[in-house]
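Data first, discussion second: the structure below is written as structure tokens.
Chains as they are written, first to last, in my numbering: chain A, 2 to 290; chain B, 2 to 399.
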């Protein structure tokens, strides 16, 4: 394929990406220098660096950044480990039941996140089934929506929603593990754990990086689940993520200039987090070529 | 890894998996139950989870469950052409018996406090503005249409005209969806549904057609520009939505495109484009270069070779990518919320229930949750093969 044909083929896609991703990004930086509310959207007022400085000095911004990082640290490793465990168990099952387990597991991942979170929240709510069962079976009387209890809800929902992705990808990866070394190791009298640790996990290494990359990206911009789980109640400032606070600045405080400045800062943040991953991927692509 | 033969270990594995499955689906089951309740049952202190009709007709339903499970197991058994051993029949009958008798025993042991009266009132409030009696002839007609479409779809699989028949069916379904409001009064929720369908179909059409061109070119071109484009696209995949949405809002207000289908479709296309070209590229890379080289020796040029030789082979990859694009467009909430004021899609429509202060709305919010989920479940059941393939394909290559 020569360069001219290549240009014609990629042109529509690249034009869309330039017009609707690169231009808006530059516009976001520019809009961050202005005072804008929903009333004067078309006539922004230049205020210089004020918005950026305000956001950098904003306690809630730093709190939301800290909570987002905490969220990533809590959920990403946990869901990779859980995904591996469930994938290994699924690998032991054959036939109809495997399909049934797989479909049921995938369900939370496929359906609309805002709907999934809503039905998940309702099972923990006042008339939900879980608080009732906890009370009946274990005598634990717990309100999941007070104080730091909501953290249980947020993290368990993250596991519930995103683990299916890790399960399916790791399950697929398990099917590609070469059989010869496994059989050789079996002859040598190794235990199951040793085979897992020395043969299977090294084989899945690239997959762990891939899942980690995708889930860090998604966890960094988590919005829907926080939006639903906190019921948009202002008392939960301690569990604000970056995207949720950004939304608050835009919609609740109606300060679009500051919201733009904040989104530019979050974009810079994600690049710092992802630099090692991006370098690895870039090297892989160059090698593949 | 070797499957273990130890029966106790196998039992434990099933137990753990079953626990995981329960954790995954309990919210949905509870949602379906609540959507069929009156508010007084939905807000009872003891959760009411057993429909009264199930208790009243427990023997018949238990028989139905037993026979249904047996039939399902039998279909699975024959379709996989497993050996016909007496033991396997015994196991199948035993499973069916346990399920049927289990259901019967459960219905015997529920108390009055655990049963509820089922109602479709919530769904009616959501979808219909006219009384049900006016709707019912059309309802039966719709059921008949769905039934005949399923039969045609299954039958079409064996004919060479599969693709045109499927496209025709999609056309009929879309036509019915769009024209339905002309025939009788439908409620607000139908408007959300219509908006969702229009936006999703538009996004699919544009995103996949330009994504195919770019994905194919990126799979075949070996210059540095290709790697740079892919790399930049991956970086865009990482960015928080807000960084795009606020400028979109600004430009939409200036250009007057705010609250139009065009704006929603074009921005959804842009947001999904990085993912689309990465995925389609990986599918096009699986197709050997020799194919189009042979076609080009036979007199095709690059463009006709792509249209006539490569696209028909890449069908699986295209359907798989379409499925994911469809889910992304159908599920998107934040962008649809901030870029529209009247053209609400389904996720925006349901978001008014998310503050959860008014418990009287509990059955209604669950009915809308179920209503949003049903189309996805249908699509996923039809295309499950492609869904797994997509998740797997993207993963194994990294």
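Don't be surprised by glycine CBs; every beta carbon is placed ideally from N, CA and C. Note that the structure is a prediction, hence the values are computed from the model and not measured.
Which residue from the options puts its Cα closest to that of residue i?
i, options, result
"residue 107 of chain B", "B:266, B:272, B:346, B:57", "B:57"
"residue 229 of chain B", "A:287, A:186, A:79", "A:287"
"residue 65 of chain A", "A:257, A:198, A:221, A:29", "A:221"
"residue 276 of chain B", "B:314, B:289, B:296, B:209", "B:209"
"residue 332 of chain B", "A:110, A:21, A:170, A:98", "A:110"
"residue 380 of chain B", "B:218, B:88, B:391, B:324", "B:324"
"residue 12 of chain A", "B:226, B:186, B:175, B:313", "B:226"
"residue 274 of chain A", "A:83, A:164, A:171, A:73", "A:73"
"residue 113 of chain B", "B:48, B:190, B:258", "B:48"
"residue 180 of chain B", "B:198, B:168, B:166", "B:198"
"residue 70 of chain B", "B:292, B:189, B:5, B:99", "B:99"
"residue 178 of chain A", "A:88, A:63, A:204, A:6", "A:204"
"residue 207 of chain B", "B:144, B:298, B:260, B:278", "B:278"
"residue 172 of chain B", "B:202, B:144, B:245", "B:202"
"residue 344 of chain B", "B:189, B:369, B:176", "B:189"
"residue 97 of chain B", "B:120, B:80, B:66", "B:66"
"residue 16 of chain A", "B:294, B:274, B:51, B:261", "B:274"
"residue 44 of chain B", "B:132, B:361, B:297, B:314", "B:361"
For residue i and residue j, which I take to be in contact (beta-carbon distance under 8 Å), what is that distance rounded to the nearest angstrom?
i, j, result
"residue 322 of chain B", "residue 286 of chain B", "That pair is no contact at about 13 Å."
"residue 150 of chain B", "residue 101 of chain B", "Actually they are not in contact, since the Cβ atoms of residue 150 of chain B and residue 101 of chain B sit about 32 Å apart, beyond 8 Å."
"residue 178 of chain B", "residue 205 of chain B", "So it is not a contact: roughly 15 Å between Cβ atoms."
"residue 127 of chain B", "residue 200 of chain B", "With 8 Å as the limit, residue 127 of chain B and residue 200 of chain B do not qualify as a contact, their Cβ atoms being about 20 Å apart."
"residue 36 of chain B", "residue 123 of chain B", "6 Å"
"residue 39 of chain A", "residue 255 of chain A", "5 Å"
"residue 364 of chain B", "residue 38 of chain B", "5 Å"
Grouping DSSP H, G and I as helix and E and B as strand, with all else coil, what is residue i?
i, result
"residue 116 of chain B", "strand"
"residue 398 of chain B", "Low local confidence applies: a pLDDT of 46 at residue 398 of chain B is under 50, so the model's placement there is unreliable, and no value is given."
"residue 187 of chain B", "strand"
"residue 181 of chain A", "helix"
"residue 35 of chain A", "strand"
"residue 75 of chain B", "helix"
"residue 12 of chain A", "helix"
"residue 79 of chain A", "helix"
"residue 51 of chain B", "strand"
"residue 129 of chain B", "strand"
"residue 47 of chain A", "strand"
"residue 225 of chain A", "helix"
"residue 137 of chain A", "helix"
"residue 261 of chain B", "coil"
"residue 101 of chain B", "helix"
"residue 381 of chain B", "helix"
"residue 218 of chain B", "helix"
"residue 20 of chain A", "helix"
"residue 168 of chain B", "helix"
"residue 1 of chain B", "Examination of residue 1 of chain B is not possible in this model, given that chain B is present from 2 through 399 alone."
"residue 4 of chain A", "helix"
"residue 333 of chain B", "coil"
"residue 15 of chain B", "helix"
"residue 293 of chain B", "helix"
"residue 237 of chain A", "coil"
"residue 138 of chain B", "helix"
Is any non-hydrogen atom of the ligand ZN found closer than 7 Å to the C-beta of residue i, if you look at the structure I gave you?
i, result
"residue 184 of chain A", "The model depicted lacks the ligand ZN and carries no ligand whatsoever."
The region 43-73 of chain A: positions lying closer than 7 Å to chain B by Cβ: 43
message: With a threshold of 8 Å, are at least 3 pairs of Cβ atoms found where one atom belongs to the region 335-353 of chain B and the other to the region 78-91 of chain A?
response: no
task: Give the residues from the region 246-260 of chain B that approach chain C closer than 8 Å (Cβ to any Cβ), ordered along the chain.
output: The structure shown has no chain C; the protein chains it does contain are A and B.
message: Across the region 109-128 of chain A and the region 153-172 of chain A, are there enough close Cβ pairs to call them in contact, namely three or more that are closer than 8 Å?
response: Between the region 109-128 of chain A and the region 153-172 of chain A there are three or more C-beta pairs closer than 8 Å, enough to call the two in contact.
message: Can you confirm whether the region 27-45 of chain B touches the region 364-374 of chain B when touching is taken to mean that 3 or more C-beta pairs between the two stretches lie within less than 8 Å?
response: yes
- prompt: Pairing CB atoms from the region 40-58 of chain A with CB atoms from the region 265-274 of chain B, are three or more of them under 8 Å?
  reply: no
- request: Determine contact between the region 123-134 of chain A and the region 380-395 of chain B, defined as no fewer than three beta-carbon pairs at a distance below 8 Å.
  value: no
query: Does the region 286-306 of chain B come close enough to the region 228-247 of chain B that 3 or more CB-CB pairs lie under 8 Å?
result: No contact exists between the region 228-247 of chain B and the region 286-306 of chain B.
Where the region 329-348 of chain B meets chain A: residues whose CB sits under 8 Å from a CB there: Residues passing the 8 Å Cβ filter: 331, 332, 334, 335, 339, 347, 348.
task: Check whether the region 127-139 of chain B touches the region 65-81 of chain B, taking contact to mean three or more Cβ pairs, one atom from each stretch, closer than 8 Å.
output: no
message: Short of 7 Å Cβ to Cβ, which residues in the region 310-323 of chain B face chain A?
response: Under the 7 Å Cβ criterion, the region 310-323 of chain B contributes no residue.
field: the region 223-235 of chain A / the region 25-35 of chain A touching (three or more Cβ pairs under 8 Å)
entry: no
task: Tell me, please, whether the region 18-25 of chain A touches the region 243-256 of chain B by the rule of three or more beta-carbon pairs shorter than 8 Å.
output: Judged by Cβ distances under 8 Å, the region 18-25 of chain A makes contact with the region 243-256 of chain B, as three or more pairs qualify.
Stretch-stretch touch, CB-based, cutoff 8 Å, three pairs: the region 167-185 of chain A with the region 202-211 of chain A: yes
query: Between the region 188-210 of chain A and chain B, which residues of the former have CB atoms less than 8 Å from a CB of the latter, in chain order?
result: 193, 196, 197, 201, 207, 208, 210
query: Touching or not, the region 57-71 of chain A and the region 133-151 of chain A, by the rule of three or more beta carbon pairs under 8 Å?
result: no
- prompt: Touching or not, the region 211-218 of chain B and the region 2-12 of chain A, by the rule of three or more beta carbon pairs under 8 Å?
  reply: yes
query: How do the region 348-356 of chain B and the region 11-31 of chain B stand: do at least 3 beta-carbon pairs fall below 8 Å, yes or no?
result: no
task: Please confirm if the region 5-15 of chain B is in contact with the region 78-98 of chain A, defined as three or more CB-CB distances below 8 Å between the two stretches.
output: yes
task: Taking a Cβ distance cut-off of 8 Å, strictly less, list which residues of the region 238-259 of chain A are near chain B, in chain order.
output: Residues 243, 244, 247, 248, 251, 252, 257.
- prompt: Residues in the region 52-74 of chain B with C-beta within 9 Å of chain A's C-beta atoms, listed in sequence order?
  reply: 73, 74
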